[in-house]
Amino acid sequence: MNLQEFPRQIYTEFKTPIQPLCHLSKRLGGPNIYVKRDDLLGLTGGGNKTRKLEFLVADALKQGADTLITTGAVQSNHCRLTLAAAVKEGLRCRLLLEERNRKYNPNANGNHFLFELMDVEQLKVVPDGTDVVKEMEAMKQELELEGRNGYIVAEGGGNDIGAMGYMNCSYEILEQSDEMDLKFDHIVTASGSGGTHAGLVAGIHTSKADVSITGINVRRSKLQQEEKVYGIIKNLSNRLILQDIIPRKTVQCFDDYIGPGYALPSEETINAIQLLAQTEGILLDPVYTGKVMAGLIGLVKKGYFSKEDKVLFIHTGGTPAIYEYASTILNKENNPK
Ligand SMILES: Cc1ncc(COP(=O)(O)O)c(C=O)c1O
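See the structure below:
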């Protein structure tokens with residue numbers, strides 16, 4: 001499927017590497033686990049939102065926007081990267097931060113420090129459960145009163161436009177598989193606002209590749225999340241006028257690794273973060289990739305993969321946030337070493 005007709009700003013000039021995780025695979029006794037290093041994508045601090053923003057910001061520029069408006073949790077990677085894209089394009093940026101299981105701390109490190117460093121124009125903090133869509137509409141109207149033109153970037157970039165970034169990623173993975181003479185049996189990814197998962201499913205399906213995709217939920221129940229991801233796939237299929245209907249059963253999620261809640265790591269999350277740092281020197285975060293790796297390890301233990309399978313873990317980033325969680329990560333008594 002050719003996405004060339006859709007406007008795109010390029011924020012990463014190279015393919016992100018696919019690397020074998022030999023020590024981890026050995027430690028677990030198989031399968032063969034590889035990582036797609038999307039934590040090394042362009043814009044400040046990298047991560048999956050960069051691929052989505054290539055299409056979303058191009059759409060904003062096409063609509064003549066001068067300000068990006070978006071929302072996320074108080075340590076949102078998506079907010080950090082939307083702001084970074086705004087800086088790069090010479091736009092302003094206003095952020096709506098929702099206190100989901102974590103209170104706003106004006107002195108916080110991690111992504112919050114970067115919001116300030118990149119000179120965010122406005123940070124508006126709202127309690128958990130706020131109607132963020134309505135709030136962002138109000139922010140857009142405020143800008144209109146000042147004669148400005150705001151563009152609302154959907155939460156997490158989780159819509160059909162953002163998902164095109166991950167269709168592109170799936171094509172990149174298939175090209176790299178050919179170049180490396182390596183056929184992946186499974187892809188394991190985070191499933192949050194859903195665009196990453198939806199784009200990967202759509203890209204793999206439209207390429208007719210035989211690779212199963214497993215989403216590890218970070219917030220919602222299995223059914224809720226699968227419906228959310230499938231909804232994005234349906235909108236994406238309409239946008240791309242796909243003739244072939246992508247079946248609902250291609251969307252597979254697990255909700256067993258969320259732990260105590262969104263942004264609250266479980267013991268397995270912390271163990272997974274420590275294990276990857278200590279076996280591969282790779283940094284994972286407690287909100288997304290640590291949970292996904294805990295899920296991948298949990299599925300290995302349950303025999304979900306065969307020992308010979310080649311499993312690709314998508315490293316969706318989130319690294320800047322770990323500095324705000326240092327004591328939680330290090331104060332763990334039960335060190336897996
Ligand atoms: C580091 C990281 N990984 C994964 C995700 C989830 O991706 P998606 O929102 O596309 O489901 C996010 C979303 O904020 C993220 O910041």
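For the sequence shown, counting from 1, position 275 maps to 275 in full-length UniProt numbering; every step adds exactly one. Ideal placement from N, C-alpha and C gives every residue a C-beta, glycine not left out.
Residue i Cβ short of 8 Å to ligand 1 heavy atom set
i           : result
N101        : no
S170        : no
A138        : no
residue 384 : No answer is possible for residue 384: the residues shown for the chain start at 1 and end at 337.
G147        : no
Y257        : no
Assumed close pair residue i, residue j - CB separation to whole angstroms, cut-off 8 Å
i           : j    : result
K62         : P7   : 6 Å
V74         : M118 : Incorrect: roughly 16 Å between the Cβ atoms, too far for contact.
D128        : E99  : 5 Å
residue 338 : Y11  : The chain is shown from 1 up to 337; residue 338 falls before or after that span and cannot be answered.
V218        : Y262 : 6 Å
L68         : V153 : 6 Å
V311        : V188 : 6 Å
Y257        : A294 : 5 Å
A190        : T316 : 5 Å
Bridge-paired residues (DSSP) for residue i
i    : result
C253 : G215
V126 : E98
A73  : E98
R248 : Per DSSP, none; premise fails for R248.
C93  : L68
K310 : N32
Neighbour-count burial assignment, residue i, 16 or more Cβ in a 10 Å radius
i           : result
N107        : exposed
residue 340 : Here the chain has residues from 1 to 337 only, and residue 340 is not among them.
D181        : exposed
S306        : exposed
D178        : exposed
T16         : buried
K337        : Note on K337: pLDDT 43, under 50, position unreliable in the model; the coordinate value appears next. Classification for K337: exposed.
residue 366 : Outside the modelled stretch of the chain, which goes from 1 to 337, sits residue 366, for which no answer is possible.
N77         : buried
D255        : buried
G303        : exposed
D210        : exposed
Contact with chain C by residue i, beta-carbon distance below 9 Å
i   : result
L91 : Among the protein chains of the structure shown there is no chain C, as only one such chain exists.
Stretch pair the segment 272-284 + the segment 231-250: three plus CB contacts closer than 8 Å: no
Cβ pair count under 8 Å reaching 3, the segment 18-34 against the segment 137-146: no
contact_flag[the segment 315-328, the segment 38-45] where n(CB pairs < 8 Å) is 3 or more: Flag = yes, the segment 315-328 and the segment 38-45 touch.
Validate contact between the segment 160-169 and the segment 193-211 using beta carbons, cut 8 Å, 3 pairs: yes
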